[in-house]
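>
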Amino acid sequence: MDFKGSTVYQIYPKSFYDSNGDGIGDIRGIIEKLDYIQSLGADYIWSTPFFASPMQDNGYDVEDYRSIHPLFGTMEDVEELIEKARERGIGLMFDMVFNHTSTRHEWFQKALAGDPKYMDYYIFKDGEPGVPPTNWQSKFGGTAWEYVPYLKKWYLHLFDVTQADLNWSNAAVREELKNVIRFWKEKGVKGFRFDVVNLISKPEVFTDDDQGDGRRFYSDGPRVHEYLKELTADTQIGNMITVGEMSSTSVEHCIRYSDPGEKELSMCFNFHHLKVDYFNGNKWELAKPDYCRLKTLLETWQLQMQQHHGWNALFWSNHDQPRIVSRLGEDKKYWKQSAKMLAACMYLLRGTPYIYQGEELGMTNPGYQSIDEYRDVESIHYYQILIQSGKTSKEALEILGARSRDNGRTPMQWNSKKYAGFSKKQPWIGIPENYKYVNVEAQEQDTDSILHYYRKLIALRKRYKVIQDGSIQFLYQKQEEVFAYQRIWEGQKLLVLNNLSGREVVLQEGVAVAGCRCLLSNYVQGESERIWALRAYESMVWLKEG
Ligand code: TEU
Ligand code: CA
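According to the working numbering, the sequence shown is numbered sequentially starting from 2.
1. Can you round the beta-carbon distance between Ile473 and Gln338 to whole angstroms, since I take them to be within the 8 Å contact cut?
2. The beta strand (DSSP E) that contains Glu246, what's its start and end?
3. Mind listing, in chain order, the residues whose beta carbon lies closer than 5 Å to a non-hydrogen atom of ligand 2?
4. Helix, strand or coil, according to DSSP, for Ala314 in the structure here?
5. Gly192 bridges to which residues according to DSSP?
6. First and last residue of the alpha helix (DSSP H) that includes Tyr477?
7. Only counting the same chain, and skipping five residues up and downstream in sequence, which positions put a Cβ closer than 8 Å to that of Met342?
8. Can the beta-carbon of Ser103 be found closer than 8 Å to that of Glu64?
9. Which class does Phe52 belong to by DSSP, given the choice of helix, strand or coil?
10. Which two residues bound the contiguous alpha helix (DSSP H) that contains Phe109?
11. Please classify Met268: does DSSP put it in a helix, a strand, or coil?
12. Mapping the DSSP letters down to three states, classify Ser327 as helix, strand or coil.
13. Could you tell me which of Leu299, Ser394, Asp27, Val326 sits nearest to Asn313, measuring between CA atoms?
14. Would you kindly work out how many angstroms separate the C-alpha atoms of Val1 and Lys334, rounded to a whole number?
15. What residues are listed by DSSP as bridge partners for Ser7?
16. Tell me whether the beta-carbon of Arg406 lies closer than 8 Å to the beta-carbon of Asp377.
17. Can you tell me the Cα-Cα spacing of Lys179 and Thr297, whole angstroms?
18. Which residue wins for smallest C-alpha separation from Val79, given the options Leu113, Val149, Tyr148, Lys186?
19. Considering only the beta carbon of each residue, do Ile38 and Tyr18 sit closer than 8 Å?
20. Quick one: Cα of Glu360 to Cα of Asp127, how far?
21. Around the Cβ of Trp533, are there at least 16 other Cβ atoms within 10 angstroms (buried) or fewer (exposed)?
22. Mind reading off the beta-carbon distance from Gly30 to Ser20? Whole number of angstroms is fine, and I expect it under 8 Å.
23. Candidates Glu77, Tyr61, Thr163, Thr135: which alpha carbon is nearest Phe109's?
24. Secondary structure at Gly359, three-state DSSP: helix, strand or coil?
25. Can you tell me which of Gln478, Lys289, Gly92, Asn319 puts its alpha carbon nearest to the alpha carbon of Tyr355?
26. Would the beta-carbon of Lys164 be found less than 7 Å away from any heavy atom of ligand 1?
27. Is any heavy atom in ligand 1 found nearer than 7 Å to the beta carbon of His320?
28. Which residues does DSSP pair with Tyr258 in a beta bridge?
29. For Leu461 and Trp137, I'd like the C-alpha separation in whole angstroms.
30. Looking only at DSSP bridge pairs, what is Pro130 linked to?
31. Expressed to the nearest angstrom, what Euclidean distance is found between the alpha-carbon atoms of Trp146 and Val206?
32. Identify, in the order they occur along the chain, each residue of the same chain with its Cβ nearer than 6 Å to the Cβ of Asp221, setting aside the five sequence neighbours on each side.
33. Sorry if obvious, but does the Cβ on Arg406 come closer than 7 Å to a heavy atom of ligand 1?
34. How is the alpha helix (DSSP H) around Met364 delimited, first residue to last?
35. Which residues mark the beginning and the end of the alpha helix (DSSP H) in which Ser339 is found?
36. For Asp44, is the classification buried or exposed, using 16 other Cβ atoms within 10 angstroms of its Cβ as the cut-off for buried?
Written out as structure tokens, the structure reads:
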């Protein structure tokens, strides 16, 4: 299936469905829920990692790329998942964490034992204790270097200290990773998501960053395009769906990563639009969302990618992000309207949608009240850092409540029974109280639910070429609360109008809809010739066929 017409459903297995009652979601849990995923209209499932791992970073610290963590199941389970999904026309995309491995990986263990071959698999630098090679900071807080006294060397870890960065300038490392791809391709995997893949190429010389945390030296690093071209060519994944997760990237680089002529990846995730509520770029300081900036970012990326043959992955949420309805929508009075509006805003743009489990229900942040409720390594680190910087525990918890990655990792809400029907046992992480009404079962019954709205939206994408392939133009660019665009393809014209605010907005000069059909809306639409105003969080989609 052409990736331009596809929709991807993202699963975080640990929190999707627990089939054996140990409080932790698993592979058989995904198998049991395949009918549900099919009913959404998803073409692919991207699952975050379930490989052997000490789980310091919930599986993003891989110990063995070819074996399955027993918590999640067995290789047979994974093979069955691939097969049963295939029978339903759904392809599996696996998550390849190739920037780093767990320090428990055999390669790193051999490196620690002093084997020079494997030391060259990682980034070791000579040095003295207490004096890291550079001042670079880990993404999870603190220095990005760890000292190994008996080797008298430091190793680089851009993430947790148990996640050692691989040395991609070593051709042997690149060959090892290609073999991992080949292994999973042979098992019938249909696509890949590459974790922080724009960080794989480090500079030749390591120097202090006097302007930041070091990221400008290794994000979209010197040889990254060369490495990706080589990986794609040598593993023959150029005709599969591939997506790279790009950290602190630029549109220029994302064009190169995703332009079919470059033969690197099908598309990219970038996070600029999910930083519009950071205070001066700082995730750990709260600020109100800047909708103006949100609009400008989405518009710029859409237009640039369109002009230069790039392709966007369209998404609002994933396992690293707070719930979008709590963040850019309004999760109480206008819960339903704002969740639907956000969906239409994003998933009718030019690109491939990635819908994260529970987003289709309008799942919200859980509102944890104590640090003991948090599980994520990043949240726990930053709580300490915030306290050390002088914040009270109440302030730090308020920040985590809005920013923690655990907000997006709470169990999928299946029904209103105990533990939201996710498990028979107390789950590994707490469930938001609203599961009583925010759940699959309740929303299956309500034809006006967020769930049904997502289904309609996905079906529209399948049905209309204009959504898959149409060109895009933005409207009302000067009106801050209005996010509006039109898509054009041959005789079809699609008009998408959204009010990003909780207030009624009068449109400057109104927009003609005479002769158009309303395909989707989160309010009842009467007959009209022209739209003059939008109600709180109102969203409407009109089609004109020529
Ligand atoms: O995420 C990379 C990433 O950029 C985020 O973790 C980000 O740094 C974080 O939210 C800081 O605010 C990927 C995975 O999606 C994430 O789960 C992993 O922890 C990370 O890579 C390391 O593998
Ligand atoms: Ca389980």
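Glycine included, every Cβ here is placed at the ideal spot set by N, Cα and C. Predicted model only: the values in this text are computed from it and were never measured.
Looking at the atomic coordinates:
1. For the purposes of this step, residue 473 is taken as residue 472 along the sequence shown, with counting starting at 1. For the purposes of this step, residue 338 is taken as residue 337 along the sequence shown, with counting starting at 1. Actually they do not touch by this definition, with Cβ atoms about 24 Å apart.
2. Reading the sequence shown from its first residue, position 245 is the one you call residue 246. Per DSSP, Glu246 belongs to the beta strand (DSSP E) from 242-246.
3. Asp19, Asn21, Asp23, Ile25, Asp27
4. Start at 1 with the first residue of the sequence shown, and residue 314 comes out as number 313. Strand.
5. Within the sequence shown, numbered from 1, the residue matching residue 192 stands at position 191. Gly192 is bridged to Met94, Ile242.
6. Counting from one through the sequence shown, the residue named residue 477 turns up at place 476. Careful: Tyr477 lies outside any alpha helix (DSSP H) and carries neither H nor E.
7. Here residue 342 is taken as the residue at index 341 of the sequence shown, counted from 1. Closer than 8 Å at Cβ, skipping near neighbours: Gly330, Asn499, Asn500, Leu501, Asn523, Tyr538, Glu539, Ser540.
8. In the sequence shown, residue 103 corresponds to position 102, counting from 1. In the sequence shown, residue 64 corresponds to position 63, counting from 1. Yes. Within cutoff.
9. Locating residue 52 in the sequence shown gives position 51, counting from the first residue. In the structure shown, Phe52 sits in a strand (DSSP, three-state: E or B).
10. Translated into positions along the sequence shown, residue 109 becomes position 108. Where Phe109 is concerned, the enclosing alpha helix (DSSP H) stretches over 107-113.
11. Taking the first residue of the sequence shown as position 1, residue 268 is located at position 267. Correct three-state label for Met268: strand.
12. Residue mapping note: residue 327 aligns to position 326 of the sequence shown, counting from 1. Ser327 falls in the helix class under three-state DSSP.
13. For the purposes of this step, residue 313 is taken as the residue at position 312 of the sequence shown. Per the Cα distances, Leu299.
14. Any question about residue 1 goes unanswered here, given that the chain covers just 2 to 547.
15. Numbered from its first residue, the sequence shown carries residue 7 at position 6. Answer is none; Ser7 lacks a bridge partner.
16. As a working note, residue 406 is residue 405 in the sequence shown. As a working note, residue 377 is residue 376 in the sequence shown. Yes, these two residues count as a Cβ contact at 8 Å.
17. Against the sequence shown, residue 179 aligns to sequence position 178. Against the sequence shown, residue 297 aligns to sequence position 296. Whole-angstrom Cα-Cα distance: 38 Å.
18. The residue you call residue 79 lines up with position 78 of the sequence shown. Of the listed residues, the one whose Cα sits closest to Val79 is Lys186.
19. For this step, residue 38 is matched to residue 37 along the sequence shown. For this step, residue 18 is matched to residue 17 along the sequence shown. Contact flag unset, no.
20. As a position in the sequence shown, residue 360 is number 359, starting the count at 1. As a position in the sequence shown, residue 127 is number 126, starting the count at 1. In a straight line, the C-alpha of Glu360 is about 47 Å away from that of Asp127.
21. Along the sequence shown, read from residue 1 onward, the residue named residue 533 stands at position 532. Exposed.
22. Counting from 1 along the sequence shown, the entry for residue 30 is found at position 29. Counting from 1 along the sequence shown, the entry for residue 20 is found at position 19. Confirmed, Cβ separation roughly 4 Å.
23. The residue labelled residue 109 in the question sits at position 108 within the sequence shown. Selected option, being the one with the closest Cα: Thr163.
24. Translated into positions along the sequence shown, residue 359 becomes position 358. In the structure shown, Gly359 sits in coil (DSSP, three-state: anything other than H, G, I, E or B).
25. Against the sequence shown, residue 355 aligns to sequence position 354. Nearest C-alpha to Tyr355: Asn319.
26. Within the sequence shown, the letter at position 163 stands for residue 164. Correcting the residue type first, residue 164 is Gln in the shown sequence and not Lys. Answer for Gln164: yes, Cβ within range of ligand 1.
27. Taking the sequence shown and counting its residues from 1, the one referred to as residue 320 is at position 319. Indeed, a heavy atom of ligand 1 lies less than 7 Å from the Cβ.
28. Within the sequence shown, residue 258 is the residue found at index 257, counting from 1. Its beta-bridge partners do not exist; DSSP assigns none.
29. Walking along the sequence shown from the start, residue 461 turns up at place 460. Walking along the sequence shown from the start, residue 137 turns up at place 136. About 46 Å.
30. Along the sequence shown, read from residue 1 onward, the residue named residue 130 stands at position 129. None, per the DSSP bridge assignment.
31. Residue 146 sits at position 145 when you count from the first residue of the sequence shown. Residue 206 sits at position 205 when you count from the first residue of the sequence shown. Those two C-alpha atoms are separated by around 15 Å.
32. The residue you call residue 221 lines up with position 220 of the sequence shown. Contacts found: Asn199, Thr250, His254.
33. One-based indexing of the sequence shown puts residue 406 at position 405. At least one heavy atom of ligand 1 is nearer than 7 Å to the Cβ of Arg406, so yes.
34. The residue you call residue 364 lines up with position 363 of the sequence shown. It is not in any alpha helix (DSSP H) - Met364 carries neither H nor E in the DSSP assignment.
35. On the sequence shown, position 338 is the one that residue 339 refers to. Ser339 -> alpha helix (DSSP H) spans 336-348.
36. Along the sequence shown, one-based indexing puts residue 44 at 43. Classification for Asp44: buried.
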